[in-house]
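Numbering (the numbering used here), first residue to last: 1 to 175.
Structural data, given as structure tokens:
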């Protein structure tokens, strides 16, 4: 039987501070028209990776905030294994991000708002508790949940208020 570090000895004193950093990154993404999700990866009390959603501006469907922060952190420490790190993200991770979190050996995930449609940590499944995983990730949701949820709600409310874009249909045909 594997032994895992209990959540009770985790230092939660700075969780809100790091989540506020993630919220600031989410705002940067929103300014670019991206869904406002931000993430920071922390190791030994220092931020080693930052990211916000940028699949549209980056033409990369995998460029979720968590993925961007994990890539940046791995580059910063020259190691894909982010042992002992904590990922702070404003929205519950999806299945793609959860898989990368496990493979990169992130120790703990702290998220703000639930993602009822695609969240795989708590909403649509409990991915991190699955017995087949070769690494256990501690997780905690609800840190600054109201603020994180409000950022998303206001973004989508503003998006719905804008008229839908008009697309021209081309009748051009190749010879």
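Virtual Cβ for every residue (Gly too), placed ideally from N, Cα, C.
Burial state of residue i, where buried means 16 or more other Cβ atoms lie within 10 Å
i	result
residue 132	exposed
residue 34	buried
residue 50	buried
residue 69	buried
residue 13	exposed
residue 45	exposed
Of the listed residues the options, nearest to residue i (C-alpha basis)
i	options	result
residue 159	28, 36 and 19	36
residue 87	38, 30, 58 and 118	38
residue 124	92, 142 and 106	92
residue 83	75, 108, 148 and 145	108
residue 40	153, 106, 135 and 99	106
residue 17	96, 155, 99 and 144	144
residue 74	134, 101 and 59	101
For residue i, the first and last residue of its enclosing beta strand (DSSP E)
i	result
residue 128	From DSSP, residue 128 is part of no beta strand (DSSP E); its letter is neither H nor E.
residue 63	Note, residue 63: premise wrong, no beta strand (DSSP E); not H, not E.
residue 120	Here residue 120 belongs to no beta strand (DSSP E), and DSSP marks it neither H nor E.
residue 33	From DSSP, residue 33 is part of no beta strand (DSSP E); its letter is neither H nor E.
residue 133	It is not in any beta strand (DSSP E) - residue 133 carries neither H nor E in the DSSP assignment.
Residue i in three-state terms, based on DSSP
i	result
residue 23	helix
residue 158	helix
residue 58	coil
residue 113	strand
residue 151	helix
residue 50	strand
residue 92	coil
residue 71	helix
residue 2	Because residue 2 carries a pLDDT of 37, less than 50, the predicted location of this residue cannot be relied on, and no value is offered for it.
Where the alpha helix (DSSP H) containing residue i begins and where it ends
i	result
residue 99	95-103
Close Cβ partners of residue i (< 6 Å) along its chain, the five nearest in sequence each way excluded
i	result
residue 54	34 and 63
residue 140	110
Cβ shell of residue i (< 8 Å), same chain only, five flanking positions each side left out
i	result
residue 151	23, 26, 27, 30, 36 and 90
residue 61	55
residue 57	32, 33 and 34
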